[in-house]
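Student:
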Amino acid sequence: MVSRPRILIAGGGIGGLAAALALQRAGFEPRVFEQAPRLQPVGAGIQLSPNATRTLVQLGCGEALRDVAVAPGSLHVKSWRTGRNIFSTPLGTRCLQDYGAPYYHVHRADLHAVLLKELGPEPLHLGARCTGFVEEEGGVRVELEDGSHAWGDMLIGADGIHSSIRTAAFGPEQPRFSGYMAFRAVLPAERIQGLRLQRDLTSWWGPGRHFVHYFISGGRQLNYVAVVPTRTWHLESWSVEGSREELLSEFQGWHPVLQELIRATDRVFKWALYDRDPLPRWSRGRVTLLGDAAHPMLPFQAQGGAQAIEDAVVLTSCLTRHAGRPQEALEEYERLRKPRTHQVQMTSRGSAQLFHLDRPLQVLKRNTRLRLTQRFRPDVLAHRMDWLYEHDALAEAERFRGL
Ligand SMILES: Cc1cc2nc3c(=O)[nH]c(=O)nc-3n(C[C@H](O)[C@H](O)[C@H](O)COP(=O)(O)OP(=O)(O)OC[C@H]3O[C@@H](n4cnc5c(N)ncnc54)[C@H](O)[C@@H]3O)c2cc1C
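Set out below in structure tokens:
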């Protein structure tokens, strides 16, 4: 019997698990090494835009995802103090109609569970922290913190923004601090029933900061992310707990709905926001990067997870097409993925300026322009994300086969 190519994956986050699933489906033997002793994704929600859900459906996760997701009806962007709409645009039915894939809000734990259920437990090794790798004749060896190692045909670094695989391949380098931090919280929906919030995606824009909320867990929980500027706070970790009082003081004077959401919160976590300039290379020999390890981005387009999922299927397609020729496969993977992830990284950076304007004249101009666009050219607003959402990463990679 011919043995299946063994692909080592450092990191069992969204990108690592999606890659493992895509590879397994394509006949490879993936092995995921995750540093955490238990898979315990952050207790927060994630938006999955149609480019991500399309790919997850292709991977066979469509039904399971639908069971745990909330499909928002619309996006509403509101003014911080008055709550007056700056613009609204439909999401739910329109995404299905225009892009053939849904827009979903899910709890991260649910997304992990869906991916893991499809993957099965076998490929996953927990409590396995990767520290580096050694390239050998015909393969690569990943080294683990406990002194053991594993051998494979290829290694994928899907170990996040502080990737040890990237450091081992290209040397140490600091990510770029954005000057912003995010507060995140999840609370039971029944607690804020009185607010009668719609099952929509709502973003409140105010001077220097913004606040986003949406329902997850089939509507049983509400997730929010509040982004504020900071000069002093640089620790990047989900385990740092903030306080309700701190958050209330950051959003003093904002609309009463937001005050009420904050007051209804038990625990809130803080996270400093980093990205990187696009890397010149993602691959060296039989080793490559994927997801935040390759292209960390600010969360203002809600695309980091989506891009990691896209990477996973494109990389799998390239490895399949160039079986036994890793260099060619990885060159093609980079050629297919870099321009798009670069564009998303830069768009995400740029969004902060639009969301956080604070000079009254600039705010007036922005809001008037958007309100007029909504009134006279709603199609412009509805289609502004086409380049992101209509993308079919798998089809794009398969098309490349013919070029
Ligand atoms: C506030 C905020 C909101 C966001 N909202 C969205 C959104 O709505 N939609 C969206 O698509 N994206 C969103 N993102 C981005 C998204 O969370 C990330 O882009 C995504 O999690 C990246 O996945 P990943 O698998 O590449 O990396 P990670 O999720 O960071 O996973 C890396 C994994 O590798 C493990 N690991 C790390 N080092 C090692 C090692 N040395 N050995 C073994 N394992 C290791 C980690 O424990 C972790 O499990 C948001 C990000 C933030 C900060």
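Residue numbers for the sequence shown follow our numbering, beginning at 1 and rising by one. Backbone N, C-alpha and C fix where the C-beta goes; we use that ideal spot for every residue, glycine too. Bear in mind the structure is a predicted one, so any value in this text is a computation, not a measurement.
Going by other Cβ atoms of all chains shown within 10 Å of its Cβ, with 16 needed for buried, is aspartate 311 buried or exposed?
Tutor: By the neighbour-count rule (16 or more Cβ atoms within 10 Å), aspartate 311 is buried.
Student: Starting from the Cα of methionine 385, find the closest Cα among Glu396, Arg399 and Ser348 and give me that residue.
Tutor: Minimum Cα distance to methionine 385 is reached at Ser348.
Student: Give the range of the alpha helix (DSSP H) segment to which isoleucine 414 is assigned.
Tutor: Limits of the chain in this structure are 1 at one end and 403 at the other, which puts residue 414 out of reach.
Student: Using a threshold of 7 Å, is the CB atom of glutamate 34 nearer than that to any non-hydrogen atom of ligand 1?
Tutor: Because some heavy atom of ligand 1 lies under 7 Å away, the Cβ of glutamate 34 counts as near it: yes.
Student: What does DSSP give as the partner residues of phenylalanine 183 in its beta bridges?
Tutor: Looking at the DSSP assignment, phenylalanine 183 forms a beta bridge with Ala226 and Lys270.
Student: Any chance the CB of isoleucine 14 is under 7 Å from a heavy atom of ligand 1?
Tutor: Yes.
Student: Excluding the 5 residues preceding and the 5 following phenylalanine 170 in the sequence, name in chain order all residues of the same chain whose CB lies nearer than 8 Å to its CB.
Tutor: Excluding sequence neighbours, phenylalanine 170 sits near Leu279, Arg281 and Arg284.
Student: Provide the residue span of the alpha helix (DSSP H) that contains threonine 232, from first to last.
Tutor: Run containing threonine 232: none; DSSP gives neither H nor E here.
Student: Mapping DSSP to helix, strand and coil, what is arginine 384?
Tutor: Three-state result, arginine 384: coil.
Student: For the beta strand (DSSP E) that contains arginine 335, what are its first and last residues?
Tutor: Unbroken run through arginine 335 is the alpha helix (DSSP H), 326-355; no beta strand (DSSP E).
Student: Answer yes or no: the CB of alanine 393 versus the heavy atoms of ligand 1, is any distance below 7 Å?
Tutor: Not so, every heavy atom of ligand 1 lies at least 7 Å from the Cβ.
Student: Taking only the alpha-carbon atoms, compute the straight-line gap between methionine 1 and phenylalanine 183 and give it to the nearest angstrom.
Tutor: With a pLDDT of only 47 at methionine 1, under 50, the local geometry of the prediction cannot be trusted, and no value is derived from it.
Student: Under 8 Å between the Cβ atoms of alanine 52 and leucine 315?
Tutor: Contact: no.
Student: Should tryptophan 80 be labelled buried (16 or more other beta-carbon atoms within 10 Å of its own) or exposed?
Tutor: Classification of tryptophan 80: buried, given that the 10 Å Cβ count is 16 or more.
Student: Would you check if there are 3 or more beta carbon pairs closer than 8 Å linking the region 72-90 to the region 197-213?
Tutor: Yes, the region 72-90 touches the region 197-213.
Student: Under 8 Å, with one C-beta from each stretch per pair, do the region 38-46 and the region 164-179 reach the 3-pair mark?
Tutor: Contact between the region 38-46 and the region 164-179 is absent, because fewer than three Cβ pairs lie under 8 Å.
Student: Taking only runs that begin and end inside the region 67-121, name each unbroken alpha helix (DSSP H) of 4 or more residues, in chain order.
Tutor: For the region 67-121, whole alpha helix (DSSP H) runs of length 4 or above, ordered along the chain, are 92-99 and 108-119.
Student: With H, G and I counted as helix, E and B as strand and the rest as coil, what does DSSP make of methionine 1?
Tutor: For methionine 1, the predicted model reports a pLDDT of 47, less than 50, meaning its position is unreliable; a value from the coordinates is still stated below. Three-state DSSP puts methionine 1 in coil, outside helix and strand.
Student: How would you write the range of the alpha helix (DSSP H) that alanine 44 sits in, first residue to last?
Tutor: Per DSSP, alanine 44 belongs to no alpha helix (DSSP H) and is neither H nor E.
Student: Are the CB atoms of arginine 54 and methionine 29 within a distance shorter than 8 Å?
Tutor: With the sequence shown as reference, residue 29 is identified as glutamate, and methionine is not the correct amino acid for it. Not in contact: glutamate 29 and arginine 54 (Cβ atoms no closer than 8 Å).
Student: Flag glutamine 343 as yes when its Cβ comes closer than 7 Å to any non-hydrogen atom of ligand 1, and as no otherwise.
Tutor: No, Cβ of glutamine 343 sits at least 7 Å from all heavy atoms of ligand 1.
Student: State yes or no: is the C-beta of serine 164 nearer than 7 Å to some heavy atom of ligand 1?
Tutor: Result yes, Cβ under 7 Å from ligand 1.
Student: Short of 8 Å in beta carbon distance, which residues of its chain neighbour valine 313, apart from the five on each side in sequence? Order them along the chain.
Tutor: Ala18, Ala22, Thr55, Gln58, Leu59, Ala393, Leu394 and Ala397.
Student: Assign arginine 284 to one of three DSSP states: helix, strand, or coil.
Tutor: It is a strand residue.
Student: Taking 7 Å as the cut-off, is the beta-carbon of valine 225 closer than that to any non-hydrogen atom of ligand 3?
Tutor: This structure lacks ligand 3; its bound ligands are ligand 1.
Student: Please classify serine 290: does DSSP put it in a helix, a strand, or coil?
Tutor: Correcting the residue identity first, residue 290 is leucine in this sequence and not serine. Coil at leucine 290, not helix or strand.
Student: Can we count aspartate 159 as close to ligand 1, meaning its CB is less than 7 Å from some heavy atom?
Tutor: Yes, ligand 1 has a heavy atom inside 7 Å of this Cβ.
Student: Excluding the five sequence neighbours on either side, which residues of its own chain have a C-beta within less than 8 Å of the C-beta of alanine 189, listed in chain order?
Tutor: Excluding sequence neighbours, alanine 189 sits near Phe215, Gly219, Arg220, Gln221 and Leu222.
Student: Any heavy atom of ligand 1 closer than 7 Å to the CB of leucine 273?
Tutor: At least one heavy atom of ligand 1 is nearer than 7 Å to the Cβ of leucine 273, so yes.
Student: Let me check one thing: in DSSP terms, what residues is phenylalanine 177 bridge-paired to?
Tutor: In the DSSP output, where bridge partners are listed per residue, phenylalanine 177 has Tyr274.
Student: Go through its chain and collect everything with a Cβ distance to glycine 305's Cβ below 6 Å, but skip five positions before and after it.
Tutor: Only Ile14 and Ile46 meet the Cβ criterion.
Student: So, is glycine 120 buried or exposed, given that buried needs 16 or more other C-beta atoms within 10 angstroms?
Tutor: When all chains shown are included, glycine 120 counts as exposed.
Student: Helix, strand or coil for glycine 13? Go by DSSP, reduced to three states.
Tutor: Coil, per DSSP.
Student: When you compare each of Leu361, Glu390 and Gln307 to valine 344 by their alpha carbons, which one comes out closest?
Tutor: Selected option, being the one with the closest Cα: Gln307.
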